[in-house]
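Position 225 of the sequence shown, counting from 1, maps to 1420 under the working numbering, and the rest follow consecutively.
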Amino acid sequence: MFFVFFVFRPKLDVKFLQRLWRILRILFPCWSSQNALMFLTLLGVALLEQLIIYQVGVVPSRFYEVLSDKSIEAFKGLAAYAVLLILMNSTLKSLDQYICSLLYVSWRRSLTESLHKAYFHGRVYYTLNVLRKDIDNPDQRISQDGERLCKQMSTMASRLLISPFTLAYYTYQCFTSTGWIGLVSIFGYFVVGTITNKVLMGPIVSTLVEQERLEGDFRYSEMEFWEKEEVLAHFSMAGKVEHERTGRCFQNLLNTQRSLMNKEFWLYIGVNTFDYLGGILSYIVIAIPIFTGVYDELSPGELSALVSRNAFVCIYLINCFTQLIDLSTTLSDVAGYTHSDREQHAGTSDTAFVLDHLSYKSPVSDELLVEDLSLRVSQGCHLLVVGNTGTGKTSLLRVLSHLWEACGGSVEVTTCFGPRGILFLPQKPYLTDGTLREQVRRLYTDRAADDARILQCLELAGLSGLLKRTGGLDEAVEWNWYDVLSPGEMQRLCFARLFYLQPKYAVLDEATSALTEEAEGQLYRACKQLGMTLVSLGHRSSLEKVRLSCSGTRW
1196 MFFVFFVFRP KLDVKFLQRL WRILRILFPC WSSQNALMFL TLLGVALLEQ LIIYQVGVVP
1256 SRFYEVLSDK SIEAFKGLAA YAVLLILMNS TLKSLDQYIC SLLYVSWRRS LTESLHKAYF
1316 HGRVYYTLNV LRKDIDNPDQ RISQDGERLC KQMSTMASRL LISPFTLAYY TYQCFTSTGW
1376 IGLVSIFGYF VVGTITNKVL MGPIVSTLVE QERLEGDFRY SEMEFWEKEE VLAHFSMAGK
1436 VEHERTGRCF QNLLNTQRSL MNKEFWLYIG VNTFDYLGGI LSYIVIAIPI FTGVYDELSP
1496 GELSALVSRN AFVCIYLINC FTQLIDLSTT LSDVAGYTHS DREQHAGTSD TAFVLDHLSY
1556 KSPVSDELLV EDLSLRVSQG CHLLVVGNTG TGKTSLLRVL SHLWEACGGS VEVTTCFGPR
1616 GILFLPQKPY LTDGTLREQV RRLYTDRAAD DARILQCLEL AGLSGLLKRT GGLDEAVEWN
1676 WYDVLSPGEM QRLCFARLFY LQPKYAVLDE ATSALTEEAE GQLYRACKQL GMTLVSLGHR
1736 SSLEKVRLSC SGTRW
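Structure (structure tokens):
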């Protein structure tokens, strides 16, 4: 299972190649995959395009010969031939760009689906967002970095794909035209340019990663303010404080962007210098055999044609090397973007949890929350866990669901998690977009749709009026459920979902904190009538009454 994040400073090294190889295995799972077939098609188009480019490149030398001979008929035929080559070249170049665009879309789909599969597997999302403080903005890594990586790779694909073929062919042509002196000069030029740009590119990669991290922090600060805007509106100084906090995040981002631009400035100088030096170098290479008398027997017209043809070969070979050097900028971006789950077993149906001398603490603290706890949660025996805020009630649920590791003793889960076993109902309701039916059947949609049963669950939860507001079970709503429903209604809707799924065990973490004591009692009694065994966490005195009515134990 694949997941890539940036924890250490990324460099263009073996680690980068290992990461890139893992990504390529996702983008090209097999030779018969769609991505692989498109890539092979791109190779064919690029090779054909290079063949036409060579023919276009030698056309000027033929024009020199025709014009020297003053042949009007040969000139007309050559002009028509040149126009045909240009039309073919433009068509192939456009097709090349089109296939690269299709590859970008297909690569992004493959990479994002793979990341989502890993992210939503088990409780990976919880580990990354809550327990792993060394990983920043996982959502941005998936949505933005994945998109940018595929975009950069698609722009590089055609040039990298064709480079080995063009380099081999034009190296041979250059050697036959200028000898070993010209060939060594061009290769030496490329080596010096590569080393120079490698040195200039090194600091850019880490700065780019830092910029992406700060982009995520800045976006998160805006989103966090939006989520808390109603609460903050009650405090007169909240706007000023949040403005200053968001401003600091933005200023840090701008400072890093300036630093990145300063480092890129020197890289651009190196890239542009070697671009223009290549044009001069080609004529220096051609001048060597001319001044040494190799072509003294040629007429001025023939020599002009020869210079034109050889200049094209040398310039294009230098251009191939220059393109590879230019790719260093894109490659630095790619390097920046490329930086066990427990198995639950269904056991005996009359027991959910067995805790034996359990001790646990927060992953970010060394202070024990609970020490040497032993108990058994069995079917029909309701359990109430009470205590003040911060005493470890919710932490117990995290240990039971294996989100946190126990630091002593053992936790045995003898019933499977899910609608036929154990379901958790947190204090903060879980709602997403969708119809009312989808809200009730959220998470588990494999059961046959039963309108009468869903309506009965809504009525049992005290939400009969919600059906009129939505216009029906399957009417699409444009609103955000969190904005329209009150906290109490959201908790009732979660209970309607609980009634619909009807698990054997329901673990309620202050799931009625926004409801009245009367409504709380009604919902708990409904759970008991449906045969659920309740494990309730809270600190309200009303829960004690519920415990007595449900004939359970207290801890």
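All C-beta atoms in this analysis are idealised placements derived from N, C-alpha and C, irrespective of residue type, glycine included.
Quiz prompt | Beta bridge counterpart(s) of Ala-1701 as assigned by DSSP | solution = Leu-1618 and Leu-1729
Practice problem: May I ask you to report which of helix, strand or coil DSSP gives Tyr-1625? | Solution: coil
Self-check item: Closest by C-alpha distance to Leu-1501, when choosing among Asn-1514, Cys-1515 and Pro-1484
Solution: Checked all of Asn-1514, Cys-1515 and Pro-1484; the closest Cα to Leu-1501 is Pro-1484.
Exercise. Kindly confirm or deny that the segment 1436-1447 and the segment 1465-1476 touch, where touching means at least three C-beta pairs closer than 8 Å.
Key: The segment 1436-1447 and the segment 1465-1476 do not touch, with fewer than 3 CB-CB distances between them shorter than 8 Å.
Quiz item: Quick one: what's got a C-beta closer than 7 Å to Tyr-1555's C-beta in the same chain, skipping five residues either side?
Solution: Leu-1564, Val-1565, Ser-1590, Val-1594, Trp-1599, Ala-1601 and Cys-1602
Self-check item: Range of the contiguous beta strand (DSSP E) that encloses Tyr-1490
Solution: Careful: Tyr-1490 lies outside any beta strand (DSSP E) and carries neither H nor E.
Quiz item: Which of the three DSSP states, helix, strand or coil, is assigned to Glu-1562?
Solution: coil
Exercise. Sort Arg-1632, Leu-1579, Ala-1547 and Gly-1587 by Cα distance to Ser-1560 and report the nearest one.
Key: Per the C-alpha coordinates, the member of Arg-1632, Leu-1579, Ala-1547 and Gly-1587 positioned closest to Ser-1560 is Gly-1587.
Quiz item: By a C-beta neighbour count over all protein chains shown, 10 Å radius and 16 as the cutoff for buried, is Arg-1692 buried or exposed?
Solution: buried
Self-check item: Euclidean distance between Cα positions of Ile-1510 and Ser-1494
Solution: 23 Å
Self-check item: Cβ of Glu-1244 within 8 Å of any chain D Cβ
Solution: No chain D is present in this structure, which holds just one protein chain.
Quiz prompt | Spatial distance of Glu-1244 from Ile-1357 (CA atoms) | solution = 10 Å
Quiz item: Three or more C-beta pairs closer than 8 Å, one from the segment 1647-1662 and one from the segment 1677-1689: is that the case here?
Solution: yes
Quiz item: For Tyr-1555, which residues does DSSP report across the bridge?
Solution: Val-1565
Practice problem: Name the two residues that bound the continuous alpha helix (DSSP H) containing Ser-1285. | Solution: 1267-1314
Quiz prompt | At least three beta-carbon pairs within less than 8 Å, the segment 1446-1466 to the segment 1372-1379 | solution = At 8 Å Cβ cutoff, the stretches do not touch.
Quiz item: In whole angstroms, what separates the C-alpha of Leu-1395 from that of Tyr-1463?
Solution: 9 Å
Quiz item: Applying the criterion that 16 or more other CB atoms from any shown protein chain within 10 Å of the CB defines a buried residue, is His-1577 buried or exposed?
Solution: Its Cβ being crowded by 16 or more others within 10 Å, His-1577 is buried.
Exercise. Leaving aside the five residues before and after Leu-1631 along the sequence, list all residues of the same chain whose C-beta is less than 6 Å from its C-beta, in chain order.
Key: Thr-1665 and Leu-1668
Self-check item: Length of the line joining the Cα atoms of Ala-1709 and Cys-1689
Solution: So the two alpha carbons sit approximately 12 Å from each other.
Self-check item: Neighbour-count burial assignment, Pro-1333, 16 or more Cβ in a 10 Å radius
Solution: buried
Quiz item: In chain order, what residues of the same chain lie with their CB nearer than 7 Å to the CB of Ser-1535, ignoring the 5 residues before and after it?
Solution: Residue confidence for Ser-1535 is low, a pLDDT of 31 falling below 50, so the modelled location carries little weight and cannot support an answer.
Practice problem: Can you say whether Gly-1657 is buried or exposed, counting buried as having 16 or more other CB atoms within 10 angstroms of its CB? | Solution: buried
Practice problem: Going by DSSP, name the residue or residues bridged to Thr-1546. | Solution: Ser-1573
Practice problem: For Ser-1454, I'd like the list of residues in its chain whose CB is within less than 8 Å of its CB, leaving aside the five on either flank, ordered along the chain. | Solution: Thr-1402
Exercise. Sort Arg-1720, Val-1253 and Gln-1406 by Cα distance to Met-1456 and report the nearest one.
Key: Gln-1406
Self-check item: Cross-strand partners of Glu-1244 (DSSP beta bridge)
Solution: Paired residues: none, contrary to the question.
Practice problem: Specify the secondary structure class of Gly-1716 as computed by DSSP and reduced to three states. | Solution: helix
Quiz prompt | Beta-carbon proximity of Thr-1546 to Thr-1610, cut-off 8 Å | solution = For Thr-1546 and Thr-1610, yes; Cβs fall inside 8 Å.
Quiz prompt | Cross-strand partners of Ser-1596 (DSSP beta bridge) | solution = For Ser-1596, which the question treats as bridged, DSSP gives no partner whatsoever.
Quiz item: To which residues of the same chain is Gly-1733 closer than 6 Å at the C-beta, ignoring the five residues directly before and after it?
Solution: Glu-1705
Quiz item: Does the count of Cβ pairs from the segment 1714-1727 and the segment 1695-1705 closer than 8 Å reach three?
Solution: yes
Quiz item: Hey, how far is the Cα of Ser-1289 from the Cα of Met-1348?
Solution: Near 18 Å, if we compare the C-alpha coordinates of Met-1348 and Ser-1289.
Quiz item: What residue does the alpha helix (DSSP H) around Ser-1659 start on, and which one ends it?
Solution: Residues 1659-1665.
Practice problem: In the DSSP assignment, find the beta strand (DSSP E) that holds Gly-1317 and state where it starts and stops. | Solution: No beta strand (DSSP E) contains Gly-1317, which DSSP labels as neither H nor E.
Self-check item: Beta-carbon separation (whole angstroms), Asn-1392 vs Gly-1465, contact threshold 8 Å
Solution: The Cβ separation is near 5 Å, so the contact holds.
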